[in-house]
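For the protein sequence lines, the chains are A and B, in the order given.
Okay, so the first sequence: first residue is 11 according to this note's numbering, each after it adds one.
Okay, so the second sequence: first residue is 11 according to this note's numbering, each after it adds one.
Remarks on the structure that follows.
2 protein chains.
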Amino acid sequence: MARTTPTIYQVARRAGVSIATVSRVQAGHRAVTPATRARVRQVIDELDYRPSRSARALAGQAHDATGIVFPDLSGPYYSEVILGYEERASEAGQSVFILGTHGRARSNEQALELADRVDGLVVMGRTVDDAVVERMQAAGIPVVMLARPPVAATDTVRAENEASARALTEHLLDHGHRSFAFLGDPEGSPDVSERYLGFCAALRAAGTGVPPRPVPCGFREAEGHRAAAALLDSGPPADAIVAANDEIAIGAVRAARERGLRVPEDIAITGWDDIALAEHVRPGLTTVRQPLRELGATAAALLTERIRGTRTEPRHVLLPTALVVRASCGPHPEQEERR
Amino acid sequence: MARTTPTIYQVARRAGVSIATVSRVQAGHRAVTPATRARVRQVIDELDYRPSRSARALAGQAHDATGIVFPDLSGPYYSEVILGYEERASEAGQSVFILGTHGRARSNEQALELADRVDGLVVMGRTVDDAVVERMQAAGIPVVMLARPPVAATDTVRAENEASARALTEHLLDHGHRSFAFLGDPEGSPDVSERYLGFCAALRAAGTGVPPRPVPCGFREAEGHRAAAALLDSGPPADAIVAANDEIAIGAVRAARERGLRVPEDIAITGWDDIALAEHVRPGLTTVRQPLRELGATAAALLTERIRGTRTEPRHVLLPTALVVRASCGPHPEQEERR
DNA sequence: TTGTAAGCGTTATCAT
DNA sequence: ATGATAACGCTTACAA
């Protein structure tokens, strides 16, 4: 694409100054006479000059851009997080790249490519290998990890999982449930891993025997449905299913119904995230709310501090979550919502 | 950020060739001896060399990036469209920028800035002024418009609105409804404008007097709730509300219920989009499904053709929509879903 | 087939 | 306060 927009040279010529002066004016340096500054400013406006991003980046300045890497764009979870991120980042004057890895093998490669176009980036969960992250940081680009446990000197942002999972499970125990199942893949995501830990902790503390092994399961409704169906058809009957997220739970509710089971009378089912659906689905889903937008926004904020050099000490932010009790966990005298 | 990663010079030196040769190998030019090609390749691997994006862009090549500009990230609609876009674009080897304008006044400026960092971009609805789009195109960067009626030589992608709106309204008429209201702002969005047109056409054809003026309303549930509340409290009673999207409709259902009205017995309410909630909400929402992912993916595909120069003739893609009849439009003998 | 060298549009370092 | 001018890392004629 031929450059049809004016360059710094044209501005300089027309204003009767050198390109250095234009650059200074443009950058807001003080060492410029008000008179010349005004003249240059006017020419800039007349020509509608705007400096080339590539040239600027090449000359060693910043990209004024950051990126966020996530596994997949589908479902409310990622959308909300990215929304929070984009909003905060663009307020801070940064353009934002998004990269969905979609489980591709090339994701490390793609992330590394992205790293070359930004001043810093956010990495969700286990989308890229730790070695890759280290290389990025070694190359001087700040990285913030999202939805992962704290790692050494890298900033991390996550929502509380274990304690809430424990509280959730205890709530189920209070309802009298004794035979549990966990739907989700602890291996696949740090979040799920922590939730499973909290789940187990509650069961152990209650002395309900050995906690069951998790039933591995992707994050989507269809996968939850399939896993729950298999579980219900084969295993010893569970009277409570703790799902790793709301979509899985909704799939599980469907599977239970298809088998003539009533929720929560015959089987209790809980979710995680508190997506919009959780409230509207029948029965209302007992779940754990996490501040999705805030997760993204916080990541953006931490990254900005790093880029600006405002802070050098690593920070590990843990955002609070809240148990949201609805109907799917068992019979309640009246509808309540605990926080 | 000092460049800590190897440059083309280091590769050249180590391979004992000139930088031009390295560049050729890297670009896959054929005019290189297999022997030297192999040697260079090996050094590239050894050093893990990857060319600087900025330098490449500056040297007149491409950015290998595109962008999408949308008004706001919230709600399933935008998320889905962006998902479809990102997936297709990144398959085509392009990094993707997202820019939410959030109704900011600076949106034109931001979009123009973005235009300098990409090889082409997609603009949704009326997020940026037409004059700005023209300037981008004049500057040689291809633009694809999303969710807008065809404009001259610019590629456009949209979903069918008017005919479906008409069919939807006719369905309501078939139910016997006669007093209608339309919730949404035709001024604010081309999509809504077309839906309102189809709505009016059906009413006129039915000879049901003058179609009502639209009740302006944002796209979110809270706004739908507020608008419906005002409508129900003040105006002459409507027995059918056509909402511009599902979220508005859900808000309207809530408002109706709060006033002791049963849906659909006392009042029918329809939505648009067929988001996940539409099926689960009570009563199931009669709505119009549009292929959200496909909208984004198609925009990406058109843009890629333009960038690659594969096509120069403008294309205007109109994706089909489908009436989805559920319970909220009126009593049905049995649950059915029409396509 | 390969190398030399001229840009690409900035920023930043010197002089002046 | 301002102006030359050397990077920045790459692509691409043009030579050899």
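Virtual Cβ for every residue (Gly too), placed ideally from N, Cα, C.
Sequence-distant partners of B:V154 (beyond 5 residues in either direction) whose C-beta falls short of 8 Å from its own C-beta, in its chain, are G130, L131, V132, V133, T164, D165, T166, V167, A309, L312, L313 and R316. Contact between the stretch 111-128 of chain B and the stretch 325-333 of chain B is not established, with fewer than three Cβ pairs separated by less than 8 Å.
Between the stretch 175-195 of chain A and the stretch 246-258 of chain A there are three or more inter-stretch CB-CB distances shorter than 8 Å, so the stretches are counted as touching. For B:S84, no beta strand (DSSP E) encloses it, and the DSSP letter there is neither H nor E.
Of all alpha-carbon atoms in A:R51, A:P301 and A:V27, the one lying nearest the alpha-carbon of A:A169 is that of A:P301. Judged by DSSP secondary structure, A:S189 falls outside any beta strand (DSSP E); it is assigned neither H nor E. Around the beta carbon of B:D201, 16 or more other beta carbons sit within 10 angstroms, so the residue counts as buried. For A:S62, the neighbours in chain B by C-beta distance under 8 Å run, in chain order, L68 and D126. Take A:P16, set aside five residues on each side of it, and the residues of its chain with a beta-carbon closer than 8 Å to its own are L57, D58 and Y59, in chain order. Not one beta carbon of chain B lies nearer than 9 Å to the beta carbon of A:S244. The C-beta distance from A:L193 to A:G228 rounds to 10 Å, too long to fall under 8 Å, and the pair is not in contact. At a Cβ-Cβ threshold of 9 Å, A:V42 and A:A25 do not count as neighbours.
In its chain, beyond the 5 residues on either side, L193, G234, H235, A237, A238, I251, A253 and I279 have a beta carbon closer than 8 Å to the beta carbon of A:A262. Exclusion of the five residues before and after B:D82 leaves Y88, G110 and H112 as the residues of its chain whose Cβ lies within less than 7 Å of its Cβ.
Among the CB atoms of chain B, none fall inside 9 Å of the CB of A:R316.
Look at the stretch 279-292 of chain B: the residues with a C-beta under 8 Å from a C-beta of chain A are A286, L287, H290, V291 and R292.
Within 7 Å of the CB of B:I108, the CB atoms of chain A belong to E96, V106 and I108, in sequence order along the chain. At a Cβ-Cβ threshold of 9 Å, B:I108 and A:I151 do not count as neighbours.
Scanning its chain for C-beta atoms nearer than 8 Å, with the 5 sequence neighbours on each side dropped, one finds around A:G103 the residues D74, in chain order. Per DSSP, A:D256 is not a residue of any beta strand (DSSP E); the alpha helix (DSSP H) it occupies stretches across D256 to E268. From the beta-carbon of A:H235, no residue of chain B is found nearer than 8 Å; the closest lies around 14 Å away. In the three-state scheme derived from DSSP, where H, G and I count as helix and E and B as strand, B:S174 is classed as helix. For A:G77, DSSP records a beta bridge to A:F107 and A:L131. Contact check for B:R63 against A:R114 fails: the beta carbons are separated by 9 Å or more. Per DSSP, reduced to three states, the secondary structure at A:R49 is helical. Here A:R40 is exposed. Its C-beta has fewer than 16 other C-beta atoms within 10 Å.
Straight-line measurement puts the Cα of A:V335 at about 16 Å from the Cα of A:I277.
For A:A125 and A:G77, the gap between their C-alpha atoms comes out near 8 Å. The beta carbon of A:S100 falls within 9 Å of a beta carbon belonging to chain B, placing the residue at that interface. Beta-bridge partners of A:L333 (DSSP): A:V298. Between A:V79 and A:Y95 the beta-carbon gap is near 11 Å, outside 8 Å, which marks them as no contact.
At a cut-off of 9 Å between C-beta atoms, A:Y88 counts as an interface residue with respect to chain B.
Looking only at A:L122, A:L156, A:R158 and A:A157, the smallest Cα-Cα distance to A:E144 is reached by A:L122. Any Cβ of chain A closer than 9 Å to the Cβ of B:Q120 would place that residue at the interface, and such an atom is present. Among the CB atoms of chain B, none fall inside 9 Å of the CB of A:L156.
In the assembly as shown, A:S100 is a buried residue. Its beta-carbon has 16 or more other beta-carbons within 10 Å.
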